[in-house]
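A.B. asks: I am attaching a structure below and will ask some questions about it afterwards.
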Amino acid sequence: MNIKLEKINDITLVSLIGELNMDNTNRVREAFKKILQEKKVKVLIDFHKVPFVDSSGIALLLEIVQNFAKANGRMCLCHVNKKIISVFEITKVHKMFNIFESHEDALRSF
Amino acid sequence: MTDVLIDENIPSTIHHVPVFIASVIGKLGRLHLDEDMLFDLKLCLHEAVVNAIRHGNNEKKELPVHVLVKKEKKEIIMEVTDQGKGFNFTRIPDPTTLENIGKLHGRGVYLIQSSMDSVKFLNGGRTIKMVKVQK
């Protein structure tokens with residue numbers, strides 16, 4: 697899993713590259729903790745290059761969305777592939793995430 | 860006719876799981892299954908193996924997890940067996956209820972039951988048998 701960070705105005709764009717699974721959730725968790733510690737509370741996660749998410753990855757996304765909400769911030773997702781969307785829908789966590797088709801739509805929502 | 864694709868013991872170490880699953884999916888990929896079915900098989904095998912390592916074998920790497928994957932007619936059958944005490948598979952909480960939706964665990968078995976055509980727990984919960992039928 698590679699994690700690429702970019703700044704767009706006051707929004708942190710986090711591009712994840714690779715599978716989000718139990719083997720790498722700690723690394724991803726640490727990256728988001730650091731973003732919050734820097735008081736950056738608006739974050740957009742680009743899933744374009746994430747082909748697979750397991751239940752640990754789902755749990756991590758829930759943790760991130762809850763942590764950003766507690767800090768009066770917001771987390772959004774974009775470019776999520778249809779199989780991952782269906783996994784979110786099976787577990788109903790799609791209701792907890794702000795999911796957009798494109799960067800532009802997501803950025804406009806902040 | 861039964862075509863056994865995988866019949867092996869793997870160590871109880873989480874970081875080996877993605878590579879092992881990738882090798883299984885490589886073999887399943889040769890069966891010309893559609894992408895959605897391959898994704899479901901990958902997800903369910905991954906969840907079952909991780910559960911076996913974490914909750915069954917308590918991540919004791921010397922304890923093996925046995926994985927059997929075979930094809931019988933149009934069925935892909937996957938069995939994962941750990942060395943643990945088993946668990947009460949009749950009382951798996953629904954992670955989609957209002958009470959549980961925000962919890963940070965408890966979705967693995969639910970995902971398996973939702974994505975496969977048949978799921979059975981054998982040996983007091985030490986073995987999970989998952990079947991997906993090729994459409």
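First to last, the protein sequences are chains G and R.
Sequential numbering from 697 applies to the first sequence in the numbering used here.
Sequential numbering from 860 applies to the second sequence in the numbering used here.
Where is the CB? At the ideal position from N, CA and C, for every residue including glycine.
(1) For S871 of chain R, does the three-state DSSP call read helix, strand or coil?
(2) Within 8 Å (strictly less), CB to CB, does T872 of chain R reach chain G?
(3) Starting from the C-beta of L908 of chain R, find all residues in its chain whose C-beta is less than 8 Å away, skip the five residues before and the five after it, and write them out in chain order.
(4) Our contact map puts N916 of chain R next to S871 of chain R with C-beta atoms below 8 Å; I'd like the distance itself, whole angstroms only.
(5) Can you name, in chain order, every residue of its own chain whose Cβ lies under 6 Å from the Cβ of H775 of chain G, other than the five neighbours on each side?
(6) Return the CA-CA distance between M975 of chain R and F793 of chain G, expressed in angstroms with no decimal places.
(7) Tell me which residues of the segment 895-929 of chain R have at least one Cβ-Cβ distance to chain G shorter than 8 Å, keeping chain order.
(8) Classify G995 of chain R as buried or exposed, calling it buried when 16 or more other Cβ atoms lie within 10 Å of its own Cβ.
(9) In the structure shown, what three-state DSSP assignment does E906 of chain R receive?
(10) With K994 of chain R and L900 of chain R assumed to form a contact (beta carbons below 8 Å), what rounded beta-carbon distance in angstroms separates them?
(11) Is N717 of chain G close to chain R? Criterion is C-beta to C-beta, closer than 8 Å.
(12) Closer than 8 Å, Cβ to any Cβ of chain R: which residues of the segment 759-788 of chain G, in chain order?
C.D. replies: Looking at the atomic coordinates:
(1) Within the second sequence, numbered from 1, the residue matching residue 871 of chain R stands at position 12. Three-state result, S871 of chain R: coil.
(2) The residue labelled residue 872 of chain R in the question sits at position 13 within the second sequence. Not one chain G Cβ lies under 8 Å of T872 of chain R.
(3) Locating residue 908 of chain R in the second sequence gives position 49, counting from the first residue. Residue identity differs from the one stated: residue 908 of chain R is Val in this sequence, not Leu. Closer than 8 Å at Cβ, skipping near neighbours: I869, V876, F879, I880, V924, V926, V939.
(4) The sequence position of residue 916 of chain R within the second sequence is 57, counting from 1. The sequence position of residue 871 of chain R within the second sequence is 12, counting from 1. So it is a contact: roughly 4 Å between Cβ atoms.
(5) Residue mapping note: residue 775 of chain G aligns to position 79 of the first sequence, counting from 1. If we look at H775 of chain G and ignore the five residues flanking it on each side, its Cβ neighbours are D742, F743, H744.
(6) Walking along the second sequence from the start, residue 975 of chain R turns up at place 116. Walking along the first sequence from the start, residue 793 of chain G turns up at place 97. Distance between the alpha carbons of M975 of chain R and F793 of chain G: 25 Å.
(7) D895, F898, K901, L902, H905, E906, V909
(8) Not covered by the structure: residue 995 of chain R. The range shown for chain R is 860 to 994.
(9) Residue mapping note: residue 906 of chain R aligns to position 47 of the second sequence, counting from 1. Helix, per DSSP.
(10) Start at 1 with the first residue of the second sequence, and residue 994 of chain R comes out as number 135. Start at 1 with the first residue of the second sequence, and residue 900 of chain R comes out as number 41. The pair is not a contact, with the Cβ atoms about 13 Å apart (cut-off 8 Å).
(11) As a working mapping, residue 717 of chain G is identified with position 21 in the first sequence. Interface residue, yes.
(12) E759, Q762, K779, V783, I786, T787, K788
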